[in-house]
Structure formats: structure tokens, C-alpha cells
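Engineer: For what it's worth, my numbering labels the leading residue of the sequence shown as 673, then goes sequentially.
Think of the CB as a built atom: it goes at the ideal place given N, C-alpha and C, for glycine as much as any other residue.
Model, not experiment: these values are computed from the prediction.
Let me begin by handing over the structure; questions about it come next.
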Amino acid sequence: MFIGNKGRSQRSESSHSTWHDVIAYGNSKLEALDDPQLYIIIRTLGDERAVMLANLSSETTAVDGGAYASPGLKLVSSNYHGCAEQMEAIKTLRPWEALIFLSSA
């Protein structure tokens, strides 16, 4: 999936916004998984990488975070408090939980 260059000039200047080019402009790959409630999207742009994990259901679901880990990935956003900071430690996602990990050069 390619999003294109549309909106590059629309970068938010809000103090509540954090901008990451890899999320806005990176190439996307949606992982094909057997679990229909689990979405994993990997975005890359040059040496930058973003991995987004989301459980789109009201049930806890198993996930092997280690399968998507790479050196330098750090948790930058989550909708739950107290989640694992290292992708390798992710074994389950709680209901409606979403995590974003980023690495950069």
C-alpha cells in the first residue's frame, strides 16, 4: 500500500502532536495473520521502521511480539498504561489495545 505525497505540507504544528515521517510517508505492509481481530502494520522509510500492533476486539488475543522485533524499536504510544516497553515481551494484547513502536537511524 502506498499513501503518496499528499499532505506533506500539512504537518501539524500543535504542541500535542508528535510527527514521524515513517508513519506519514513510509511504505506499509499489513501482516496476514490467522487471527482476524489482530492487525499488525509495518512501515518503513529509509532506515526508520514503525510497527503498529492492534487488537480490534473486546477479547484478549495472543501475539508474538518477538517475531516483529528489531534492534532499536522503542514504544512511543499506547492506549493502555503499564504495557511492555520491549516488543519481545509482548505476548498478548488486551481488548482494544494498540501499540506503536519506532526505530530510527
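#1: Tell me which same chain residues have a C-beta within less than 8 Å of the C-beta of ASN709, skipping the five on either side of it?
#2: In terms of residue numbering, what span does the beta strand (DSSP E) encompassing ILE714 cover?
#3: Between which two residues does the beta strand (DSSP E) harbouring VAL748 extend?
#4: DSSP three-state label for VAL694, please.
#5: The beta strand (DSSP E) that contains ILE762, what's its start and end?
#6: Hey, LEU774 and LYS746: beta-carbon distance below 9 Å or not?
#7: Starting from GLU720 and walking both ways along the beta strand (DSSP E), at which residues does that stretch end?
Structural biologist: Once the coordinates are examined:
#1: Position 37 of the sequence shown, counted from the start, is the residue given in the question as residue 709. Here residue 709 turns out to be Gln, not Asn, going by the sequence shown. Here the set comprises ASN727, LEU728, SER729, GLU731, THR733.
#2: Taking the sequence shown and counting its residues from 1, one reaches residue 714 at position 42. Element bounds for ILE714: 710-717.
#3: Along the sequence shown, one-based indexing puts residue 748 at 76. First-last of the beta strand (DSSP E) with VAL748: 746-750.
#4: Within the sequence shown, residue 694 is the residue found at index 22, counting from 1. Correct three-state label for VAL694: helix.
#5: Your numbering for residue 762 matches position 90 in the sequence shown. First-last for ILE762: undefined, no H or E at that position.
#6: Numbered from 1 along the sequence shown, position 102 holds the residue referred to as residue 774. Numbered from 1 along the sequence shown, position 74 holds the residue referred to as residue 746. Going by C-beta atoms, LEU774 is nearer than 9 Å to LYS746.
#7: Reading the sequence shown from its first residue, position 48 is the one you call residue 720. Taken as a continuous stretch (DSSP letters only), the beta strand (DSSP E) holding GLU720 covers 720-727.
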